[in-house]
Structures are given as C-alpha cells and as structure tokens.
C-alpha cells in the first residue's frame with residue numbers, strides 16, 4: 014500500500030527531540046479533536062457501510078415488488094434463513110480478517126450434526142452427551158485446520174480444501190458404515206431431546222411473531238465477535254495477523270495461537286449450526302452442507318471483509334447474511350422463479366465488492 | 067522490560083565472534099559488535115553482506131550457531147521476538163514495522179495493549195490508547211489530526227517514527243533499526259535520523275543498520291562494516307573521516323581497482 018504525502022505531514026519536520034520535554038501533555042483542545050471526529054468520516058470508515066446500504070436498498074426493493082414481504086411472518090422467515098447463514102458467516106469473517114480461509118465449514122456443520130446424532134443413537138446415551146461429544150469432535154476438526162496451517166505454513170486454501178474433501182467422504186462413509194444408510198436414525202424419542210431442541214431449534218413467540226432461536230444465537234455471536242474484534246487485545250491481533258503478519262510477529266503478537274483460535278471459533282459456530290440442523294429435523298442427511306462454505310465466505314465479503322485479510326467486521330458479515338436471506342426469500346415472495354437466486358447473488362457479490370472497494374478508497378482519502 | 071541494565075563494562079548488547087549458517091551456506095562469520103547506552107552502533111554493508119541476518123539474531127527471529135551473544139553481560143540465546151522485547155530489545159523493520167490498514171493507535175499498542183475492567187468485561191483501554199498515541203507522537207513532532215486514520219496513510223518517515231516512538235514508549239533499552247532511511251527522501255530521512263538521535267540522547271543503545279555511510283556518519287558512534295558475511299572493519303567515530311567510511315563502504319581496495327579499470331587512457 015502506498016502512502017501519499019499527508020497534508021499535516023509537514024509538522025514532522027520540526028520534530029522536538031523527546032528527552033528535553035518529558036511530557037508536554039497534549040492540550041485539552043487536541044483531545045477534543047480526538048473525541049469528536051466528524052460523523053461522516055467515521056461512518057465512511059466502517060467496513061460494513063456498503064453492506065448496510067445494499068441491505069436497505071434490497072429491503073425497499075422487495076417491499077415494493079413483493080406484497081407479502083412486509084408481513085411479520087415473512088420477515089421472520091427471512092431472519093431465520095439469514096441466521097442459519099449468519100451463525101457461520103460471522104466467525105468466517107473473523108477468520109478472513111485474520112487472513113485465512115476455511116473451505117471445510119459447510120461440511121463441518123454436517124459432521125458436527127452427524128457426530129452428535131450417531132453418538133447418542135449408537136450409545137443410547139442422553140442426547141446431551143452426544144451434543145458434548147460433537148463439540149469435542151468439531152473443535153478437534155478446527156484445531157486440525159489451525160495446527161496444520163501454522164505448522165506447515167501451506168496456504169489455508171489448500172489445507173481446508175483437503176479437510177473439506179476428507180470430511181465430505183467421512184460424513185458419507187462413516188454414516189453408511191454405522192447406520193447402514195446415508196441418513197441417521199431419528200433420535201427424537203431419546204432422553205434429553207426436548208431440552209436440546211429447546212436450546213438449538215425452538216421457536217420463541219415475541220409479540221405474536223414466531224422467531225426461531227437461531228436468531229438469538231446469531232445476534233449473540235455478532236455481539237461477541239464485535240466485542241472481541243474491537244475491544245480486546247485478541248481483536249487487535251486478529252487485524253494484525255491478517256493485515257501484516259510479519260509486523261505482528263515482530264512486535265510479539267502470538268500469530269500461531271491467534272490463527273488456531275480463529276479456526277476454533279469457526280468450529281464452535283459449526284457446532285451450534287450442526288446441532289440446530291440435527292434438532293430441527295431429528296435426522297441428518299450425511300451429504301448435506303457441500304457448497305455452503307462459499308456462501309459464508311460470500312456473505313463475509315459482501316459485509317466488507319477483504320479477501321486479503323486485515324479489514325472487515327462481524328456486523329458486516331451479519332448484514333451480508335441478511336442480504337442473502339432477503340434475496341433468497343424475497344424472490345419467492347415476489348413469486349419469481351427461484352432458479353434466479355444464484356444469479357442474483359453472484360451479481361450482488363460483485364456489486365458489493367466494487368462498492369466496498371470504492372468506499373474504502375474514499376475513506377482513505379477523507380482524512 | 068527493565069531487565070536490561072548496563073553490565074560492568076557498560077555494554078547493553080555484546081556480540082563476539084558470532085556466526086550463522088543456513089545449511090552449509092555461511093551467512094555470518096566472526097562478527098563482533100558492542101552496543102552501549104547513549105550510543106549509536108552503525109552496521110554498514112552492501113546488499114547480501116549479512117546485515118539482515120545480524121538483525122534477526124539480535125531481535126530473536128533467528129539463533130546464532132557460533133560465538134557468544136551477551137545481553138548486559140549475560141550469555142543469551144533468544145528464541146522469539148517476544149523474548150527479545152521482554153529483555154528490552156525492540157526492532158523496527160524497514161517495511162514491516164506497522165500494519166498499514168490498522169488505525170495509528172491500534173498499531174502503536176499492537177502486542178502490548180493496555181486493558182481496563184475485569185473478568186469478562188476486561189477490554190482495551192481505548193481512550194487511554196488514543197490519548198497516549200497522540201501525545202507520544204506529538205512529542206516527536208507529528209501532530210496527527212486523527213489517530214484513527216489507517217497508518218498506511220502516513221508518509222514513510224512518519225511510519226518509521228511511529229514505530230520508533232512505540233519502542234521508546236514501551237521502555238526499550240536497545241533499539242534495532244533496519245534501514246530506517248532506505249526508502250525515504252532527503253527530508254524524511256532527516257526526520258527519522260533526528261528521532262534516532264533523540265532516542266540515543268534518552269539513553270538508549272541504538273543499532274542502526276544502513277547502506278548509506280552519510281547517514282551513518284551523521285549519527286553513529288561506532289561503525290561495523292560487513293562484507294559477504296564477514297567483518298570488514300570496525301571503527302569508532304574518533305579519528306574516522308567520512309571519506310574513509312565512504313571509501314570502505316564502497317569497497318575500499320576494490321574501488322581503487324575499479325577506478326583503475328575505468329580510467330580513460
């Protein structure tokens with residue numbers, strides 16, 4: 014990245030040496046400037062601005078062309094669909110800000126659901142035991158990705174492509190081996206099913222509107238991720254390992270631990286997602302999930318994440334997921350052929366990326 | 067970070083007869099240098115002379131294979147940059163000093179972020195980070211309108227200066243600078259050199275790696291000349307002429323040979 018001469022840069026020429034003036038505390042007027050930055054500048058600098066504008070435009074668009082879009086039940090459906098993507102898109106965005114990819118996320122969700130279901134069924138254990146085992150299995154997959162990446166220093170694209178293919182095979186192969194078919198047995202009559210379903214796949218009624226509990230999980234993850242990213246040291250490290258890994262290492266940032274942690278975060282979300290998949294339908298199709306990994310990445314990119322790392326936000330990824338949700342369901346409410354959905358999404362992705370690039374340029378010029 | 071205290075002989079860092087091999091390729095052999103508080107030790111050399119290998123040993127990125135590396139008189143083998151930082155050695159790299167897309171204040175505190183609150187509410191002390199960054203930069207004459215701007219939007223000299231200010235702020239006793247002026251214009255180089263001198267006056271020991279003998283002569287107290295991984299010379303400022311340093315740097319007798327070859331008949 015080049016550094017154009019800064020207007021205020023001339024001040025650097027008459028630099029006062031540090032030992033003479035131990036601490037000429039910055040005058041109060043200066044602190045004022047620090048606190049009150051122009052709102053427009055602050056907004057323009059937010060990575061998710063493009064996505065928010067896009068989401069608003071899309072909302073208005075479908076509100077106009079699809080009569081049923083604004084009904085509470087329709088909006089609830091849109092939110093539900095968005096949340097199932099968003100639960101994964103948020104940690105995937107964090108991972109991308111950290112400069113890495115994960116192509117195994119889609120099938121990892123299925124693996125997580127399968128592990129939970131098959132363990133409970135085969136061991137005739139309480140479903141919560143299966144849920145716990147599934148958490149361990151899923152975190153182990155994330156740990157594998159992270160350790161392979163930091164030990165071999167191969168591109169994450171290759172490593173997680175390998176994990177993706179292996180998991181795709183394992184999901185089908187192991188399920189067939191254990192259950193005899195490609196679908197797991199129903200666990201709906203097993204002990205603990207109801208309480209687990211309440212946590213992962215229940216419906217809350219709020220002011221007469223049915224809301225899926227995944228929306229709560231989604232919002233919790235966005236809040237947690239935003240907090241981590243913007244208000245903790247770990248967040249600083251995530252931006253740094255994605256934006257300049259050598260500089261980060263040189264000032265003592267634990268690069269390997271940060272990246273492994275990001276993969277564990279993705280795995281944790283895959284576990285939540287997988288448990289939802291299981292308890293929503295009580296059986297799992299072992300071939301599911303292929304292709305979803307790219308949707309998560311697309312949502313993160315629409316939300317303002319740079320493919321090269323070091324820039325982006327969790328809120329942006331959530332809005333990206335919302336855009337997917339609105340487009341997917343909006344097309345149905347507008348009674349168009351749903352075949353157009355994918356085309357529409359591709360166009361959205363390109364537009365959003367262009368818009369984000371343009372906004373970022375503006376943001377860097379506005380100083 | 068306050069561990070580094072001058073040893074009995076006053077040296078903060080002392081390398082003697084240090085060597086480094088990559089496989090059977092000799093990167094460094096028989097290098098000795100001393101860094102004292104309040105002094106600038108310049109390491110000069112052409113491309114491929116082994117300057118960056120030397121830095122990597124001092125800053126903990128690589129380990130030496132032979133010879134001794136002493137920090138305040140205690141023989142040491144650093145295993146990570148973090149360890150070097152903890153012992154008071156901060157390194158500012160030419161092009162990887164900062165993360166361009168991150169705001170200035172986040173860069174300033176990267177790797178040593180101050181926290182406030184406790185338990186799950188433990189969080190970055192953002193106001194303090196912003197204020198400290200602004201006042202520390204003001205001390206070195208950089209008056210930023212907005213510490214939230216991405217650091218990539220600063221000029222090259224300012225970015226180097228931010229990195230130096232960061233090292234000083236975090237209590238470094240030894241400052242290792244890798245070609246701080248290499249990519250800069252004359253004015254910007256002046257800014258950086260002024261700040262290097264200020265760090266020296268503050269009592270830090272400075273290692274300045276450069277291939278520019280003019281810059282080195284302006285601020286240096288000791289000079290170590292590297293050539294193809296070996297030490298081609300070691301001088302102190304007293305009794306050393308700039309011309310001699312330039313001549314040595316440019317190749318010494320090789321330069322005589324070259325000028326002879328280039329002579330018109």
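Chains as they are written, first to last, in the numbering used here: chain A, 14 to 380; chain B, 67 to 331.
Quick reminder that beta carbons are idealized off the backbone N, C-alpha and C, glycines included.
Around the C-beta of residue 173 of chain B, 16 or more other C-beta atoms lie within 10 Å, and the residue is accordingly described as buried. Going by C-alpha positions, residue 146 of chain B is about 26 Å away from residue 155 of chain A.
Residue 253 of chain B counts as exposed, since fewer than 16 other beta carbons sit within 10 angstroms of its beta carbon. For residue 359 of chain A, the three-state secondary structure derived from DSSP is helix.
Interface residue (Cβ-Cβ distance to chain B less than 7 Å): residue 102 of chain A is not classified as such.
Residues of chain B with a Cβ closer than 9 Å to the Cβ of residue 245 of chain A are, in chain order, 179, 181, 188, 189 and 190. Residue environment for residue 189 of chain A: exposed (fewer than 16 other C-beta atoms within 10 angstroms of its C-beta).
By DSSP's assignment, residue 132 of chain B forms a beta bridge with B:85.
Shortest Cα-Cα distance from residue 220 of chain A to any of A:117, A:128, A:86 and A:58 involves A:86.
Among the CB atoms of chain B, none fall inside 7 Å of the CB of residue 238 of chain A. Take the alpha-carbon of residue 310 of chain B and the one of residue 276 of chain B: they are about 16 Å apart. A direct Cα-to-Cα measurement between residue 255 of chain B and residue 231 of chain B gives close to 16 Å.
Excluding five sequence positions before and after residue 366 of chain A, the CB atoms of its chain that fall closer than 8 Å to its own CB belong to 314 and 315, given in chain order. Here residue 114 of chain B is exposed, its C-beta having fewer than 16 other C-beta atoms within 10 Å. The stretch 95-111 of chain A makes contact with the stretch 326-339 of chain A; the number of CB pairs closer than 8 Å reaches 3 or more. Judged by pairs of C-beta atoms under 8 Å, the stretch 237-247 of chain B touches the stretch 267-276 of chain B, as three or more such pairs exist.
Residue 199 of chain B has its alpha-carbon roughly 19 Å from the corresponding atom of residue 247 of chain A. Residue 143 of chain B sits exposed, since fewer than 16 C-beta atoms from the chains shown fall within 10 Å of its C-beta. Contact with chain A is found for residue 159 of chain B, since one of that chain's Cβ atoms lies less than 7 Å from the residue's Cβ. Every unbroken stretch of the alpha helix (DSSP H) spanning 4 or more residues and falling wholly within the stretch 85-171 of chain A is given here in chain order: 85-110, 118-135 and 140-165. Runs of the alpha helix (DSSP H) lying entirely within the stretch 221-301 of chain A and spanning at least 4 residues, in chain order: 226-244, 246-256, 258-263 and 268-294. Residue state for residue 180 of chain B is assigned as coil, using DSSP reduced to three classes.
A straight-line Cα-Cα distance of about 47 Å links residue 234 of chain A and residue 251 of chain B. When the beta-carbon positions are compared, residue 84 of chain B and residue 154 of chain B stay at least 7 Å from each other. Within chain B, no residue has its beta carbon less than 8 Å from that of residue 312 of chain A; the closest one is some 21 Å off. With the criterion set as a beta carbon lying under 7 Å from some beta carbon of chain B, the members of the stretch 252-271 of chain A are 252, 253, 256, 257, 259, 260, 261, 262, 263, 264, 265 and 266, in sequence order.
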